[in-house]
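Student: My questions will all concern the structure given below.
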Amino acid sequence: MPKAPEEIIRDEILALTGYHVPDSTGMVKLDAMENPYRLPAEVQVEVARLVERAALNRYPDSDAARLKARLREAMQIPAAADVLLGNGSDEIIQMLIMAAARPGATVLGLEPSFVMFRMIAGFCGVRFVGVPLNPDFTLNADRVLAAAAEHRPALIFVAFPNNPTGNLFDPGAIARIIEAAPGAMVVDEAYHAFADRTFMPRLKDYPNLLVMRTLSKSGLAGLRLGVLAGAGTWLAHVGKVRLPYNVNVLTQLVADKVLQHQDILAQQAAAIKAERTRLFDELKRIPGVRPYPSDANFILFRTGTADRVFNGLKQRGVLIKNLNGSHPSLVDCFRVTVGTPEENGKFLSALSETVNA
Ligand code: PMP
Numbered sequence: 506m507p508k509a510p511e512e513i514i515r516d517e518i519l520a521l522t523g524y525h526v527p528d529s530t531g532m533v534k535l536d537a538m539e540n541p542y543r544l545p546a547e548v549q550v551e552v553a554r555l556v557e558r559a560a561l562n563r564y565p566d567s568d569a570a571r572l573k574a575r576l577r578e579a580m581q582i583p584a585a586a587d588v589l590l591g592n593g594s595d596e597i598i599q600m601l602i603m604a605a606a607r608p609g610a611t612v613l614g615l616e617p618s619f620v621m622f623r624m625i626a627g628f629c630g631v632r633f634v635g636v637p638l639n640p641d642f643t644l645n646a647d648r649v650l651a652a653a654a655e656h657r658p659a660l661i662f663v664a665f666p667n668n669p670t671g672n673l674f675d676p677g678a679i680a681r682i683i684e685a686a687p688g689a690m691v692v693d694e695a696y697h698a699f700a701d702r703t704f705m706p707r708l709k710d711y712p713n714l715l716v717m718r719t720l721s722k723s724g725l726a727g728l729r730l731g732v733l734a735g736a737g738t739w740l741a742h743v744g745k746v747r748l749p750y751n752v753n754v755l756t757q758l759v760a761d762k763v764l765q766h767q768d769i770l771a772q773q774a775a776a777i778k779a780e781r782t783r784l785f786d787e788l789k790r791i792p793g794v795r796p797y798p799s800d801a802n803f804i805l806f807r808t809g810t811a812d813r814v815f816n817g818l819k820q821r822g823v824l825i826k827n828l829n830g831s832h833p834s835l836v837d838c839f840r841v842t843v844g845t846p847e848e849n850g851k852f853l854s855a856l857s858e859t860v861n862a
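For the sequence shown, counting from 1, position 29 maps to 534 in our numbering; every step adds exactly one.
Written out as structure tokens, the structure is:
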């Protein structure tokens, strides 16, 4: 008799619950920080032509040289920095932690923040230390520095702006942490398109800084493309755990084409930012609802009795992210993605009705 899976699979994996993606068929989908806008028809035609001619019988360019050159220009990556691509930035987090997973290694992150930092550390058998944010979700640099001194983390992850709180941390506090980090510091700029600050130019100042971006939030979530920029001394080793053809032919072709129309992505981001302001103001007006200021394409807000509100929204065809129970500081909290004016309108009506019911 072969062994049962439970005797083979690692205990820490058995203990996990997989990342759950709820069914959103027919719903107003405001749970996943997607850009609600499609590409204009003329760009769709250009994309279709490229796809028609694509050599799908061949493996992709493993180095993705052409796409990297385009990304360097589009993201203003300093010439001295190297670039590593992932099948989404999730995969880059995985490569980083996998490469650093020496026995006894620690990864440090903030909490609440993006859950995949902790989850992927778990997948790789690496200890994760989560340092709490202040109650107002600002960064407590002294606490992070004390934890870094105590645990000597191989990697520190900071999302800038942070998910799910939406705020940018104080750049001065982040700089202090980079300077004191015993290993590499990853500044995850997944929501950069909606924020005015970036650490990209600071790559020149810090040999242990790695800046991560993604195309997912700015209109290309379906392509799965993440980007890591940083010193070649780090990326040359991290790149060794990259699977050879991790960025597929269609992603390389289409991302390169769409990035030639950066003005369109920028216009869409500007529309989302304008809607973010309106959504924030409208949320503030609903009695019992407290939104938190955001530099991302989503808003964190608190209401009474989150689970009842979540179900009320679902019954009215609106799907957002219920954060109640995910972290002690997120009791009765939700995260809503900024959608189109129409989607946001439907969400706001459903929320008012539910809160008043
Ligand atoms: N970093 C942060 C902070 C995120 O919120 C997300 C997506 N939720 C990611 C990384 C992963 O993005 P992707 O894998 O789509 O590039």
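Just so it is clear, CB atoms sit at the ideal spot from N, CA and C, and this is done for glycine as well.
Taking the CB atoms as reference points, tell me whether T703 and R729 lie closer together than 8 Å.
Tutor: Against a cut-off of 8 Å, the Cβ pair of R729 and T703 comes out as no contact.
Student: S723: beta carbon under 7 Å from a heavy atom of the ligand PMP?
Tutor: Checking every heavy atom of the ligand PMP against the Cβ of S723, none is found closer than 7 Å.
Student: Would you mind stating whether N894 and S618 have Cβ atoms separated by less than 8 Å?
Tutor: Nothing can be reported for residue 894, as the shown portion of the chain is limited to 506 through 862.
Student: I need the residues with a C-beta less than 5 Å from some heavy atom of the ligand PMP; please give them in chain order.
Tutor: Every residue passing the under-5 Å Cβ criterion appears here: G593, S594, D595, F619, A664, N668, D693, A695, T719, S721 and G731.
Student: Ignore the nearest five residues each way along the sequence and tell me which others in A776's own chain have a CB closer than 8 Å to its CB.
Tutor: These residues qualify, in order along the chain: Y542.
Student: Are the beta-carbon atoms of A654 and G688 separated by less than 8 Å?
Tutor: Not a contact, by the Cβ cut-off of 8 Å.
Student: Measuring CA to CA, which of I804, D675 and M624 is closest to L521?
Tutor: Measuring from the Cα of L521, the nearest candidate turns out to be M624.
Student: Where N645 and F674 are concerned, what is the direct C-alpha to C-alpha distance, given to the nearest angstrom?
Tutor: Using only the alpha carbons, I get a separation of about 9 Å.
Student: Taking its Cβ as the centre, do 16 or more other Cβ atoms sit within 10 Å of Q599, making it buried, or is it exposed?
Tutor: Buried.
Student: Which full runs of the beta strand (DSSP E) of 3+ residues lie inside the segment 657–708, going along the chain?
Tutor: Segments of the beta strand (DSSP E) lying fully in the segment 657–708: 660–664 and 689–693.
Student: Around the C-beta of T719, are 16 or more other C-beta atoms found within 10 angstroms, so that it is buried, or is it exposed?
Tutor: Result: buried.
Student: Measuring straight from C-alpha to C-alpha, what distance separates G591 and V752?
Tutor: The straight-line gap from Cα to Cα measures roughly 6 Å.
Student: How many whole angstroms separate the CB atoms of E517 and G609, which I take to be in contact at a CB cut-off of 8 Å?
Tutor: That belief does not hold up - the Cβ atoms of E517 and G609 are roughly 15 Å apart, past 8 Å.
Student: Could you compute how far the alpha carbon of E858 sits from the alpha carbon of F699?
Tutor: Going from the Cα of E858 to the Cα of F699 covers about 29 Å.
Student: With distances taken Cα to Cα, identify the nearest neighbour of V823 among E847, D800, A574 and G830.
Tutor: Of the listed residues, the one whose Cα sits closest to V823 is E847.
Student: For A771, does the three-state DSSP call read helix, strand or coil?
Tutor: Looking at A771 - three-state DSSP - the assignment turns out to be helix.
Student: Can you give the beta carbon distance from T611 to R632, rounded, assuming they're within the 8 Å contact cut?
Tutor: Sure, about 5 Å apart at Cβ, within 8 Å.
Student: What number of angstroms, rounded off, separates the C-alpha of S723 from the C-alpha of Q773?
Tutor: Spanning the two alpha carbons is a distance of roughly 8 Å.
Student: State yes or no: is the C-beta of D595 within less than 8 Å of the C-beta of M621?
Tutor: Yes, they are a contact pair.
Student: Report the three-state DSSP secondary structure of Q637 (helix, strand or coil).
Tutor: Looking at the sequence shown, residue 637 is not Gln but Pro. In the structure shown, P637 sits in a strand (DSSP, three-state: E or B).
Student: Any idea if I683 is buried or exposed, counting beta-carbon neighbours within 10 angstroms, 16 or more meaning buried?
Tutor: Counting Cβ neighbours within 10 Å, I683 comes out buried, since at least 16 surround it.
Student: Excluding the 5 residues flanking E512 on each side, which residues of the same chain have their C-beta closer than 6 Å to its C-beta?
Tutor: There are no such residues.
Student: Please work out which residues of its chain come closer than 8 Å, Cβ to Cβ, to P798, disregarding the five sequence neighbours upstream and downstream, and give them in chain order.
Tutor: Counting only Cβ-Cβ distances below 8 Å, and skipping sequence neighbours, we find G671, N672 and F785.
Student: If we cut at 8 Å on Cβ distances, does N753 have a partner in chain B?
Tutor: In the structure shown, chain B cannot be found, because there is only a single protein chain.
Student: Within this structure, are the beta carbons of G830 and G809 separated by less than 8 Å?
Tutor: Contact: no.
Student: From V550 to L561, what does the alpha carbon distance come to, in whole angstroms?
Tutor: Their Cα atoms are separated by approximately 19 Å.
Student: Could you work out which residue in L613, L535 and A574 is closest to F815 when comparing CA atoms only?
Tutor: Taking only the C-alpha atoms, the option nearest F815 is L535.
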